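S.K.: Numbering (our numbering), first residue to last: 41 to 178.
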């Protein structure tokens, strides 16, 4: 169900603690993506074979990554910003850092991530641009 916008900063309420990448059950894991429009496009800086992922493809990719890594922590870096440039939705700019442990080697890595989440007027995420260095996971 779309979130109702009270102020511009209500969309920024989509915080790292809302992201549950550690969920063991699929229903809980999918809660992480409940504020995404079912037709959302995810532009991943590491995609090489296509321009964007569908939401379903993105969820599958995230599940694959976190089947190999345990999330030790997910921390916001600074405070997210929300910009509504033309009054027809807006963009939240979010900086975060994952601390991950490789499940097979126990090696711990830190992975900075920058995300730009585009919201429609109903508060649903219709696009996400996500930037990270996937080589950190190798």
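Positions of the beta carbon are idealized from the N, C-alpha and C atoms, including for glycine.
Small disclaimer: the values here were computed from a predicted structure and weren't measured.
Please classify residue 168: is it buried, with 16 or more other beta-carbons within 10 angstroms of its beta-carbon, or exposed?
M.R.: What you label residue 168 is simply residue 128 of the chain shown in a count that begins at 1. Its Cβ being crowded by 16 or more others within 10 Å, residue 168 is buried.
S.K.: Could you say which of 79, 104 and 115 lies nearest to residue 92 if we only look at CA atoms?
M.R.: Position 52 of the chain shown, counting from 1, holds the residue named residue 92. Nearest of 79, 104 and 115 to residue 92, Cα basis: 79.
S.K.: DSSP on residue 105, reduced to helix/strand/coil?
M.R.: To locate residue 105, count along the chain shown from 1; it is residue 65. Helix.
S.K.: Can you tell me whether residue 140 is buried or exposed, with buried defined as 16 or more other CB within 10 angstroms of its CB?
M.R.: Here residue 140 is taken as the residue at index 100 of the chain shown, counted from 1. It is buried - the Cβ of residue 140 has at least 16 other Cβ atoms within 10 Å.
S.K.: Return the chain-ordered list of same chain residues with a C-beta closer than 6 Å to the C-beta of residue 138, the five sequence neighbours on each side being excluded.
M.R.: Here the question's residue 138 lines up with position 98 in the chain shown. Correct list, in chain order: 114 and 151.
S.K.: Between residue 153 and residue 136, how many whole angstroms is the CB-CB distance? I'm expecting something under 8 Å.
M.R.: Indexing the chain shown from 1 puts residue 153 at position 113. Indexing the chain shown from 1 puts residue 136 at position 96. Right, their Cβ atoms sit about 5 Å apart.
S.K.: Tell me, which residues are paired with residue 163 by DSSP?
M.R.: To locate residue 163, count along the chain shown from 1; it is residue 123. Its beta-bridge partners do not exist; DSSP assigns none.
S.K.: On the DSSP bridge list, what partners appear for residue 130?
M.R.: The residue given as residue 130 occupies position 90 in the chain shown. BP columns for residue 130 point to 159.
S.K.: Nearest-angstrom Cα distance between residue 161 and residue 125?
M.R.: Along the chain shown, one-based indexing puts residue 161 at 121. Along the chain shown, one-based indexing puts residue 125 at 85. Cα atoms of residue 161 and residue 125: separation of roughly 13 Å, rounded to the nearest angstrom.
S.K.: Can you give the Cα-Cα distance for residue 156 and residue 100, rounded to whole angstroms?
M.R.: Translated into positions along the chain shown, residue 156 becomes position 116. Translated into positions along the chain shown, residue 100 becomes position 60. Rounded to the nearest whole angstrom, the CA to CA distance from residue 156 to residue 100 is 20 Å.
S.K.: Short check: CB of residue 85 to CB of residue 171, under 8 Å?
M.R.: Walking along the chain shown from the start, residue 85 turns up at place 45. Walking along the chain shown from the start, residue 171 turns up at place 131. It is a contact, given that the beta carbons lie within the stated cut-off.
S.K.: Taking the straight line between their C-alpha atoms, what separation do you get for residue 147 and residue 174?
M.R.: Taking the chain shown and counting its residues from 1, one reaches residue 147 at position 107. Taking the chain shown and counting its residues from 1, one reaches residue 174 at position 134. Their Cα atoms are separated by approximately 15 Å.
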